[in-house]
Amino acid sequence: MSTVSDQTAGTMEAIRFDFKPFRLAKSKLWGYADPSGHWGRGGPIGLRKVPQPKLVTDEWVIMRTAYCGICGSDMTQLMLNASFRNPLRTFASFPNILGHEVVGTIEEVGAKVSRVKTGDRVVVNPWFSCAPRGIEALCPRCQVGDFSHCGNFLKGDLPPGILLGFTREFGGYAPQVAVHQSQCIAIPPTVPFEQAVLTDPLSVAFHSCLLLDPQPDQQILVYGLGAIGLATVMCLKNIFKIERVVAVGRHDFQKKLALQFGAEKVFASKGAALITEVAAHTQAELLYPYNGPPWSMDGVDGAIDTIGSAASIEAELRFVRALGRIVISGVTPPGRFENTPHYFKELDILGSNGAAMENFQGQKAHAFEFIQNFLADGLIDPSPLLTHTYPLDQYRQAFDAMAFKKKSSAIKVAFTF
């Protein structure tokens with residue numbers, strides 16, 4: 231099955247998610263028995279013929295896709311694993327072409343485009359904030375570069391949506407993508423697409439590290455060793471020069487890479503056993519309540535949670551030292567947990583949402599630009615994170631690799647065009 235645009239018919243094949251009750255019901259039913267059922271025939275996801283993208287205004291460009299990574303948020307949508315009460319459903323429109331981790335080459339430019347030219351290689355900042363929406367009076371947050379908290383995700387020239395991939399008609403699981411010129415970040419000549427496609431997870435990791443504000447002599451724990459967790463270990467060691475980084479990961483292949491990237495220890499346990507192991511490693515005194523897991527007043531100085539589950543947050547509340555900080559970049563359906571240590575130890579808990587304009591070492595730039603510079607300078611080498619690539623018509627195999635990581639040893643899976 232070809233994924234090349236049909237120039238005569240003005241159509242192309244893309245992976246589209248159709249939000250239709252009968253398709254969702256089929257996917258949910260089949261997914262109970264086997265996660266692969268979520269992307270089986272007759273479900274909401276499939277390779278569909280869609281119109282080729284067009285320039286929305288004269289400030290837009292058409293990009294020929296080179297790679298598009300599969301994000302955990304894409305898998306959450308595919309596996310119908312988000313809460314139906316999730317307020318972010320406000321900022322999505324269907325049917326949507328999935329995919330927002332996009333790199334490629336500029337193929338067509340509008341008459342008023344000055345930022346890029348045909349033939350340029352770019353990585354796409356996926357946020358559909360004020361400028362892409364054609365809103366000239368930028369909202370206060372966009373004025374300072376806080377694009378991930380734009381006040382106009384429901385307005386302007388585009389359908390409702392926060393991101394490429396969550397907005398009707400616009401997504402990266404396609405051979406061509408339309409974006410606004412302001413979303414295009416140049417890829418340095420020495421940086422291959424295979425590294426540039428990892429810009430988004432690296433930027434998410436970089437942003438969460440900035441929020442944590444770790445000091446070189448502190449001990450920091452990274453919970454979860456998927457693509458963002460491993461990128462976080464890399465950022466802490468190579469960019470923030472943190473001497474002592476520990477991590478929590480499920481699989482041996484994740485542990486191997488985390489140690490390769492500089493982690494001093496990787497814990498594979500969970501619950502009370504994990505709390506006990508972290509306390510022993512940090513030489514913290516364990517406290518045993520009448521009921522429930524142990525906890526400590528001392529422990530690691532801070533944690534970055536790339537899972538965001540009830541279990542991961544409760545564990546961190548118990549083994550992060552008093553007055554420490556926890557940054558949560560992961561998203562998991564909500565659950566109940568014991569949060570008393572939060573107030574008692576006066577812990578800071580911060581959410582981390584994507585990345586935008588950042589201040590680092592006296593410079594202000596978009597996180598994607600910082601990452602391009604880090605890649606070009608050889609400060610980080612994320613190449614080991616891209617473990618699997620598939621053409622678009624093998625999307626079922628690609629999603630299987632993401633869903634069955636123990637079998638596939640997948641970290642970042644991407645579609646290649």
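All residue numbers for the sequence shown refer to my numbering, where the first residue is 231 and numbers rise by one. All C-beta atoms in this analysis are idealised placements derived from N, C-alpha and C, irrespective of residue type, glycine included.
Please determine, among 458, 537, 565, 522, the residue with the shortest C-alpha to C-alpha distance to residue 548. In the sequence shown, the residue the question calls residue 548 occupies position 318. Looking at the Cα atoms, 522 is the closest of the given residues.
Where residue 374 falls, given that 16 or more other Cβ within 10 Å makes a residue buried: Here the question's residue 374 lines up with position 144 in the sequence shown. Result: exposed.
Can you name the start and end residues of the beta strand (DSSP E) that residue 290 belongs to? Counting from 1 along the sequence shown, the entry for residue 290 is found at position 60. For residue 290, the uninterrupted beta strand (DSSP E) segment begins and ends at 290-299.
Alpha carbon of residue 524 to alpha carbon of residue 615, nearest angstrom: For this step, residue 524 is matched to residue 294 along the sequence shown. For this step, residue 615 is matched to residue 385 along the sequence shown. Taking the straight line from one Cα to the other gives about 35 Å.
Own chain, CB closer than 7 Å to residue 323, minus 5 neighbours either side, in chain order: Here residue 323 corresponds to residue number 93 of the sequence shown, with the count starting at 1. If we look at residue 323 and ignore the five residues flanking it on each side, its Cβ neighbours are 389, 390, 391, 397, 398.
Please state the DSSP three-state secondary structure of residue 421. Sequence index remark: in the sequence shown, residue 421 carries index 191 (1-based). Assigned with DSSP and collapsed to three states, residue 421 falls in coil, not helix or strand.
Please report the distance separating the alpha-carbon of residue 466 from that of residue 472. On the sequence shown, residue 466 is found 236 positions in, with the first residue counted as 1. On the sequence shown, residue 472 is found 242 positions in, with the first residue counted as 1. Distance between the alpha carbons of residue 466 and residue 472 is about 6 Å.
Can you list, in chain order, the residues of its chain whose CB lies under 7 Å from that of residue 489, leaving out five sequence neighbours each side? The residue labelled residue 489 in the question sits at position 259 within the sequence shown. The residues 496, in chain order, have a CB closer than 7 Å to that of residue 489 in the same chain once the five nearest residues on each side in sequence are set aside.
Beta-carbon proximity of residue 280 to residue 387, cut-off 8 Å: Start at 1 with the first residue of the sequence shown, and residue 280 comes out as number 50. Start at 1 with the first residue of the sequence shown, and residue 387 comes out as number 157. Contact flag unset, no.
Taking all protein chains shown into account, do 16 or more other C-beta atoms lie within 10 angstroms of the C-beta of residue 536, making it buried, or fewer, making it exposed? As a first step, residue 536 is located in the sequence shown; it is residue number 306 there, counting from the start. Under this definition residue 536 is a buried residue.
Classify residue 544: buried if its beta carbon has 16 or more other beta carbons within 10 angstroms, exposed otherwise. Position 314 of the sequence shown, counting from 1, holds the residue named residue 544. Burial of residue 544 is indicated by the presence of at least 16 other C-beta atoms within 10 angstroms of its C-beta.
Out of 517, 531, 422, 577, state which residue places its alpha-carbon closest to the alpha-carbon of residue 447. In the sequence shown, residue 447 corresponds to position 217, counting from 1. Closest by alpha carbon: 531.
Contact under 8 Å by Cβ, residue 633 with residue 643: Mapped onto the sequence shown, residue 633 falls at position 403. Mapped onto the sequence shown, residue 643 falls at position 413. Result no, Cβ atoms of residue 633 and residue 643 do not sit closer than 8 Å.
With three or more beta-carbon pairs closer than 8 Å as the criterion, would you say the region 341-352 touches the region 264-275? No, the region 341-352 does not touch the region 264-275.
Nearest CA to the CA of residue 241: which residue from 284, 267, 538, 250? The residue labelled residue 241 in the question sits at position 11 within the sequence shown. Checking every option, the nearest Cα to that of residue 241 belongs to 284.
Quick one: is residue 555 buried, meaning 16 or more other Cβ sit within 10 Å of its Cβ, or exposed? Start at 1 with the first residue of the sequence shown, and residue 555 comes out as number 325. The residue in question, residue 555, is buried, as its Cβ has 16 or more Cβ neighbours within 10 Å.
Please classify residue 355 as buried or exposed, where buried requires at least 16 other C-beta atoms within 10 Å of its C-beta. As a working mapping, residue 355 is identified with position 125 in the sequence shown. By the neighbour-count rule (16 or more Cβ atoms within 10 Å), residue 355 is buried.
Three-state secondary structure (DSSP) of residue 246: Numbered from 1 along the sequence shown, position 16 holds the residue referred to as residue 246. Residue 246: strand per DSSP, three-state reduction.
From the DSSP output, read off the bridge partner residues of residue 587. Translated into the one-based positions of the sequence shown, residue 587 becomes position 357. According to DSSP, which records beta bridges pairwise, residue 587 is partnered with 596.
Taking its Cβ as the centre, do 16 or more other Cβ atoms sit within 10 Å of residue 236, making it buried, or is it exposed? On the sequence shown, residue 236 is found 6 positions in, with the first residue counted as 1. Summary for residue 236: the model assigns pLDDT 44, below 50, so the residue's position carries little reliability; its value from the coordinates is reported in the next sentence. Classification of residue 236: exposed, given that the 10 Å Cβ count is below 16.
What is the DSSP secondary structure of residue 495, counted as helix, strand or coil? Here residue 495 refers to the residue found at position 265 when the sequence shown is read from its first residue. It is a strand residue.
How about residue 475 and residue 492: are their beta carbons less than 8 Å apart? As a working note, residue 475 is residue 245 in the sequence shown. As a working note, residue 492 is residue 262 in the sequence shown. Yes, Cβ-Cβ distance for residue 475 and residue 492 is below 8 Å.
Determine the closest residue to residue 288 out of 243, 362, 596, 295, with distance taken between C-alpha atoms. Within the sequence shown, residue 288 is the residue found at index 58, counting from 1. Checking every option, the nearest Cα to that of residue 288 belongs to 362.
Just verifying my parser: in three-state terms, what is the DSSP assignment at residue 465? Here residue 465 is taken as the residue at index 235 of the sequence shown, counted from 1. Assignment of residue 465 by DSSP, reduced to helix, strand and coil, places it in the helix class.
Inspect the CB distances between the region 589-597 and the region 327-341 and report whether three or more fall short of 8 Å. Note that the region 589-597 does not touch the region 327-341; fewer than 3 beta-carbon pairs, one per stretch, sit closer than 8 Å.
Would you say residue 436 and residue 393 are within 8 Å of each other, going by their C-beta atoms? Residue 436 sits at position 206 when you count from the first residue of the sequence shown. Residue 393 sits at position 163 when you count from the first residue of the sequence shown. Cβ atoms of residue 436 and residue 393: not closer than 8 Å.
Contact between the region 452-463 and the region 427-435 is defined here as three or more beta-carbon pairs at a separation below 8 Å; is this criterion met? Segment contact: the region 452-463 against the region 427-435, three or more CB-CB distances shorter than 8 Å; contact assigned.
Per DSSP, cross-strand counterpart(s) of residue 525: As a first step, residue 525 is located in the sequence shown; it is residue number 295 there, counting from the start. DSSP lists 517 as partners of residue 525.
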